[in-house]
Each structure stands twice: as C-alpha cells, then as structure tokens.
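Chemist: This is the structure, below, for whatever I ask next.
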DNA sequence: CGCGCAATTGATTGATGTCAATTGGAGTGG
DNA sequence: CCACTCCAATTGACATCAATCAATTGCGCG
C-alpha cells in the first residue's frame, strides 16, 4: 500500500545544502515552493526502479535507502547508502534512464519533485542549480571513496571507513549524538554494500570490535574512539565536503 | 618542461557532448569561445593535484589520464580512467578542494578552462550547463559500475567489463576501430585501477585470453567477440549514456 | 651484446567465500 | 509464563581466490 499526500517540509534538503554553502531566505522559499508528492515506504520497497525513466526526482526525508544493482546471477551490490536530506535520484534529471534502483533499507518517507519544478527553480536561482549539481558531485566523491576502500583497504579498514563516513553524514543531519547512531540494517545488507560475503562481514565486525574502536550492538553503532578508527581506516573527511564555502 | 599555448580546438568536448544530445551551432560557438590555456603533459605528470583548489577545470584533448588516490601506506587506487573529450575535473567547479589527483597515463594534451568562463557560458545557455552537469553525472554512473565490478564480479569479469567499457568510450571518441584500440598502459597501472595485485592482473589477463574473447598484445587490445565478452562480464552499456536524448 | 623495464612464472601464505550447523532473541500462541 | 517459530547472528570446517615473494623470460634500445 502506498500512501501519498502533498504535505511535507523539505527542511532536510535545506539542512543538507546549508552545510555546504549559505542558503538565503529566498532560496529556502524557492525550495519550499517546489511542488511535490510525499510517499511513505516500507522496508524493502523500491523508491525508484532500475530501467525506469523518472519524470520526478526523489528526496529522502527520513529512513535509510540504498542504490542497488542486481546481477543476472542474483548477486547484489549496493553502490550507495543514503541518509535523510539526500536527493537520491537527482541525477535522473539528466541521465533519463535509471541504471540501478533505489530501495528502502528501513521504513522511510520520501518527497518526489517533478523535474519540471526543478528546472523552474534552477531558472530562478543559478546558485540553487549549482547546489543541486554539487549534491550529485558529492555522491560521486563518496563513490570514489568506496572504490578506494574496495580496492586497497583491508576488510576491517573498509568497514571502519564506512562507519566513519556514515557517522559524519548522520551527524551533519543531526541523527547522531556522541559517536552513536542507529543503523537498523542487517549484516547481509552490509555485505552487499561492502562487497563481502555475509560470513565475512560478521567476522570483520568482530575484528573491529576487538580493536576497541567501535561497538555495534543490534542496530546501535557506537564509535568509542573516532580518531583511532579514522587513523586505522585511513579516513580523511575532505571528500564529504562538510564545509561551508561559496559555491 | 610544461608547454603552454592558447591554440587548441575543443572539438573533442563537442564530440563527447554531441553523443548525448544535439549541440546547436550557437552552443558550439560558445564552447569554442571559452578562454583556455593548453598544456602538453608527459606520461606520469599531474594534470591536477590532490588537495589543490583549482580555479580552472581540465579537459583532456588527447591521451589517457586517470584519477588516483595514494594512501598513507603507499598503496594506489585509480578511481577513474579518462579518454579524450572528458572534462576530468569539472566537478572541481563545485567541490573546490580536490580529494584526488589526475595524472597522465600517457603523454597527453589538455585544455584548462577558468571556472569564471564556465559560469559565463552556463549563464548564456542553461542547456550547456545541464550538459556539463550530465558529464559529471556520467562519471558517477561509471564509478557505480566499477563498485559493482569490484564487489560482485569475478576477476576476469571485472577486467572484461572494463575492456567493454573502454572500447565503447573510445569508439564513441572515434579512437577504436573494428573491436581494436590502443591502450598503452602497464599491467601495474591496470592493477591499480582494478584493485588487484600486479601478478593477479597478469594471470587474469591470461584467463581472459584463454576464453578467446580478447587478445591483448603490447598496447593493442582487440575484442574478438564483443557479444561473448559482454555476456561473460555482464556488461550492459546503458550506464554510459551513449544515447542522444533531449536533456 | 647487454642493459633495463615490463611481462610472466612458480611456490607459498594469507584472505575470503561457501556450506552447514548452532546459537540467540524477539514475537506469538497456548 | 512457557514452548515454539522465525530470522538474524555466530561459529566451524573446508575450498578457493588472490597477495606476496622470488625468480626468470622477453623485448626494445643504445
């Protein structure tokens, strides 16, 4: 069952953009003036389907989502994790055809904004246009970091790097506190994000716990020593662009 | 020794953009009207340095380049390969700080366009602005494909997938002919792109040759059976967006 | 011919996947 | 409250894959 309504504040998007550059009151008004529909999705539902040709782009308001590709032999790869405030398929505005799908890892809410509306707002504010562009470009930077982890980091550093990344992104979205955040995702899904087998995720998690940098109980992740974990995982937060600059 | 001059046609860029959407005569004029400086780089030189804050973006006119990250322990990961016509650090227009460097894998020529010039042209043509955005978003799609290869494909399928991708990209740039292209890159560099050890690249290449899909002698790569290689590597070219569509 | 670099090979170690079983915890019906 | 069920987490044993170390070969060039 899909719930749809028109009431939804786009505050998470404003918050996310404001982390990277000042967003004026006029720009906030433009954003809040975007026509959109709201959907509530349950864990496992697709927000956007592979091969579809979206005419609207999808913004996550709450919950965790992932981009995933399923190969012919049934193997699955998650190529990105998204947190509230992320415009998960903004790139569909230009790509036209989705080469992957976006799924809900937890129950979540999303706002769908017609491409026509995005173009209208970008015509009013080229700065907002650049901020939208920026958000797709940050997604790309995160993907490069994943490629690096996958190719050249040990299994525990790969996982540790992901934990550091998630923590900073969630903290920026005010969804983390004191090194702790909730990440209600099964180890099998983590496996698909890391490119590991399920068993290997489990053992890597145990290795990481043994270092004392991280505690992970149920869906609560606690970073006990961020500096230590970051050094161990060779994590450099520059690529997240959590810096307010004129763009 | 760095050679610099101001004469350089940006035709490779026009060709690349024209693959994805019609580019009008006016738009071509706008592109050719971009102020820029030209540099000739030798194999191994850096086009753009990690941690730098570019005020111009770099377009490859000829030769192969790569984005690379070097970790503290000396391990290297190549996160993207670029072919002539690619705007390799267009994203620096928004990211401001480079989280990786771009290096020349072969001797090559590049044009550097000041960000101010890009903003000027985008103000004249919002369509060109979207085409620039598109090119960064295609880079992102390629990166997702790399993540998928790295995480969920066998070593030979990973390499096979990369060969299919390079072939189509080079073919689109008119740098391939009859399944054959020149790729003067050492196995050690291929290793850094695939996230393999050098020895493993060598053996994977032998496996792939044994399938009969590919011949790779010196720097000449010949795809003997594209359909077979694509099926074997689960290669679906959709993500390359080599389709002319209104964007 | 001999140098130097890239490609190749062999042997071994270590990391990771697979298969199969067991444990643990939350929810459910009796 | 207890037994039962289901699913996720965990463990053990083993097979494979891939990294490492250490030669050796092949080739272009002075």
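Protein chains in written order, with the numbering used here: chain D, 1 to 247; chain Z, 248 to 494.
Backbone N, C-alpha and C define an ideal beta-carbon position, used for all residues, glycine too.
What is the DSSP secondary structure of residue 170(D), counted as helix, strand or coil?
Modeler: helix
Chemist: Which of the three DSSP states is assigned to residue 114(D) in this structure?
Modeler: strand
Chemist: Pick from 292(Z), 269(Z), 374(Z): whose alpha carbon is nearest that of residue 349(Z)?
Modeler: 292(Z)
Chemist: Could you run through the segment 139-166 of chain D and flag, in chain order, every residue whose CB is less than 7 Å away from some CB of chain Z?
Modeler: 139, 140, 141, 143, 144, 146, 147, 148, 150, 151, 152
Chemist: Does residue 341(Z) have its Cβ less than 8 Å from a Cβ in chain D?
Modeler: yes
Chemist: Flag this pair as touching only if the segment 116-130 of chain D and the segment 65-72 of chain D have three or more C-beta atom pairs under 8 Å; answer yes or no.
Modeler: no
Chemist: Do residue 396(Z) and residue 408(Z) count as a contact pair if the criterion is CB distance below 8 Å?
Modeler: yes
Chemist: If I measure Cβ to Cβ from residue 235(D) and keep anything under 8 Å in the same chain, skipping five residues before and after, which residues do I get?
Modeler: 160, 161, 164, 165, 229
Chemist: Using a beta-carbon distance below 8 Å, is residue 99(D) in contact with chain Z?
Modeler: yes
Chemist: Is the beta carbon of residue 85(D) sitting closer than 8 Å to the one on residue 197(D)?
Modeler: Cβ distance not < 8 Å, so residue 85(D) and residue 197(D) don't count as in contact.
Chemist: Tell me, which residues are paired with residue 208(D) by DSSP?
Modeler: DSSP output for residue 208(D) lists no bridge partner at all.
Chemist: Taking beta-carbon pairs under 9 Å, can you tell me which members of the segment 111-130 of chain D lie near chain Z?
Modeler: 119, 122, 123, 126, 129, 130
Chemist: List the endpoints of the continuous alpha helix (DSSP H) containing residue 353(Z).
Modeler: Looking at the DSSP string, residue 353(Z) is not in any alpha helix (DSSP H), and its letter there is neither H nor E.
Chemist: Within 10 Å of its beta-carbon, does residue 479(Z) have 16 or more other beta-carbons around it, so buried, or fewer, so exposed?
Modeler: buried
Chemist: Along chain Z, in chain order, which residues have C-beta atoms closer than 7 Å to that of residue 75(D)?
Modeler: 399
Chemist: For residue 492(Z), count neighbouring C-beta atoms within 10 Å of its own C-beta (all shown protein chains included) and say buried if the count is 16 or more, exposed if not.
Modeler: exposed
Chemist: Assuming residue 346(Z) and residue 141(D) are in contact, meaning their beta carbons sit under 8 Å apart, how far apart are those beta carbons, in whole angstroms?
Modeler: Rounded to whole angstroms, the Cβ separation of residue 346(Z) and residue 141(D) is 6 Å, and the two are in contact under 8 Å.
Chemist: Counting only beta-carbon atoms, is residue 234(D) nearer than 8 Å to chain Z?
Modeler: yes
Chemist: CB-CB under 8 Å to residue 202(D), same chain, minus the five flanking residues each way: which ones, in chain order?
Modeler: 187.
Chemist: Taking residue 338(Z) as the query, report the chain D residues whose CB atoms sit under 8 Å from its CB, ordered along the chain.
Modeler: 137, 140, 141
Chemist: If we cut at 8 Å on Cβ distances, does residue 356(Z) have a partner in chain D?
Modeler: For residue 356(Z), the answer is no, since every Cβ of chain D falls outside 8 Å of its Cβ.
Chemist: In three-state DSSP terms, what is residue 224(D)?
Modeler: coil
Chemist: Check residue 165(D) in the structure and name its three-state DSSP category.
Modeler: Helix.
Chemist: I need the boundaries of the beta strand (DSSP E) containing residue 317(Z), first residue and last residue.
Modeler: 312-317
Chemist: DSSP has residue 82(D) in a bridge; who is on the other side?
Modeler: 65(D)
Chemist: Counting only C-beta atoms, is residue 449(Z) closer than 8 Å to chain D at any point?
Modeler: no
Chemist: What are the boundary residues of the alpha helix (DSSP H) that includes residue 263(Z)?
Modeler: 258-265
Chemist: On the CB-based measure, 16 or more other CB atoms within 10 Å of its CB, does residue 137(D) come out buried or exposed?
Modeler: buried
Chemist: What are the complete alpha helix (DSSP H) segments, minimum 4 residues, inside the segment 178-204 of chain D?
Modeler: 187-194
Chemist: Pick from 427(Z), 306(Z), 447(Z): whose alpha carbon is nearest that of residue 436(Z)?
Modeler: Relative to the Cα of residue 436(Z), the nearest Cα in the group 427(Z), 306(Z), 447(Z) belongs to 447(Z).
Chemist: Enumerate in chain order the residues of its own chain whose CB-to-CB distance from residue 14(D) is below 7 Å, with the five nearest sequence positions on each side excluded.
Modeler: 23, 28, 31
Chemist: Mark residue 339(Z) as exposed unless 16 or more other C-beta atoms lie within 10 angstroms of its C-beta, in which case mark it buried.
Modeler: buried
Chemist: So, with DSSP's three-state summary, where would you put residue 487(Z)?
Modeler: helix
Chemist: Along chain D, in chain order, which residues have C-beta atoms closer than 7 Å to that of residue 232(Z)?
Modeler: Because chain Z is modelled from 248 through 494, residue 232(Z) falls outside the range shown and cannot be assessed.
Chemist: Apply the 10 Å Cβ neighbour rule to residue 420(Z) and answer buried if 16 or more other Cβ atoms are within range, or exposed otherwise.
Modeler: buried
Chemist: With distance defined between alpha-carbon atoms, name the residue in 77(D), 155(D), 224(D) nearest to residue 177(D).
Modeler: 224(D)
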